[in-house]
Amino acid sequence: MSIKTNELQKITSLTGADTMLVDTDAKGTGRAPFDAATEFFKDTFLAGGVPYGKELTDSWANLRAKILAGNFAGIHIGDYKPITLTTGEVVIMEVAGIDQYYKCGYPTMIGHHIDFISRDCLAGTKVFNDTNTNNGTQAEPNPWRASKLFQTLNDDTTGVVATLPADLKPCIVEKIALLERRFSEAGALESDTGWDWNTMGKLWLPTEVEVFGNTFWSDGDAGWTGGGGCNLQYPIFYGGAKHIIKGAGNGGGRCDWWEASARRQSATNVCYVHYHGYATYTVATYAGIYAPLCFRIG
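If you're matching positions, the sequence shown starts at 5 in my numbering and goes up one per residue.
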């Protein structure tokens, strides 16, 4: 019988003074202090990135009930659940973060949740905007909420959200986040002017920090790029590129894909993930970029 590492029985009685038996090619067999276990696992099991997990067989309704109760037993980063859109497109949804932003938020605290991000991107390229701007508007000062891509994903009639399976739709909640603000009546801005608690929609994109754990091209000088301290790398992207590099459609060849972050020192560029696996940017109208499917159950 074969069993995956993430299906092993949970150990609950370990303390910092305990040791555990480990074995590596470089150092042989020995005991590692439990306090050092995190670094050990980073250097071994997660050296190539989060492994592909098991399929979650619970219905979306049952899964949501467990999440709301704070019961994540048997659910691990990298586990997945396939869905089929009403268009016939198959999408593999992976557990990207478990209670990633639990207790964040204002004025209402974010409750228990799991954020799912698709293993590959949705089929078909998508522009971020019809014009080369990464600014928000007076009504929607956040660049992501003001974008055409936000509407492409979230329009209740014509958007991707309208094609989700009927059993999934009631289980999705909007992603509340600390969003960058970039708008001025005086003209286009090349940097953020602040941040606001707001929703990213039922369908959203991760920020540059949520993918790479750092601000490479997004505006981080003032600490509010996509959410400041409430903007954290999703565990699924840690330690390797296997989940960062995505295909053009389920099982497709690797592709460029959009993030939700505007580029710093630019009024026209938006951040995206290059199909080679690195962080980069381009104009908002660039037509050769894809988008993953991302949603929150909670």
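Even glycine gets a Cβ: it sits at the ideal position worked out from N, Cα and C. Please read these numbers as outputs of a predicted model, since none were measured by experiment.
Judged by DSSP in its simplified three-state form, Asn-273 adopts strand. In the assembly as shown, Tyr-282 is an exposed residue. Its beta-carbon has fewer than 16 other beta-carbons within 10 Å.
About 5 Å separates the beta carbon of Trp-262 from that of Ala-295, a gap short enough to meet the 8 Å contact definition. Remark: C-beta atoms of Trp-199 and Arg-186 do not approach each other more closely than 7 Å. Judged by beta-carbon spacing, Val-274 lies within the 7 Å limit of Phe-132, meaning their Cβ atoms are closer than that value. Under the rule that a run must span 3 or more residues, the beta strand (DSSP E) segments found entirely inside the region 63-143 read 84-88, 94-102 and 118-125. DSSP places Phe-216 inside the alpha helix (DSSP H), whose first and last residues are 212-216.
In the three-state scheme derived from DSSP, where H, G and I count as helix and E and B as strand, Ala-252 is classed as strand. Annotated as distal: Leu-183 and Asn-136, with beta-carbon spacing of 7 Å or more. Rounded to the nearest whole angstrom, the CA to CA distance from Thr-88 to Val-94 is 4 Å.
Look at the beta carbons and you see the region 243-260 touching the region 53-60: at least three pairs across the two are nearer than 8 Å.
Cβ-Cβ distances below 6 Å link Phe-76 to Ile-102 in the same chain, with the five nearest sequence neighbours on each side left out; the list follows chain order. Where Thr-203 is concerned, the enclosing beta strand (DSSP E) starts and stops at 198-203.
Ala-69 and Ala-271 have their C-alpha atoms some 43 Å from each other.
Counting the other CB atoms within 10 Å of its CB gives Ala-252 a total of 16 or more, which places it among the buried residues. Tyr-242 and Phe-216 have their alpha carbons spaced roughly 8 Å apart. Shown here for Gly-109: same chain residues with a beta carbon closer than 7 Å to its own, the five before and five after excluded, namely Ile-180 and Trp-201 in chain order.
Contact between Ile-96 and Pro-86 holds, since their C-beta atoms are separated by about 5 Å, short of 8 Å.
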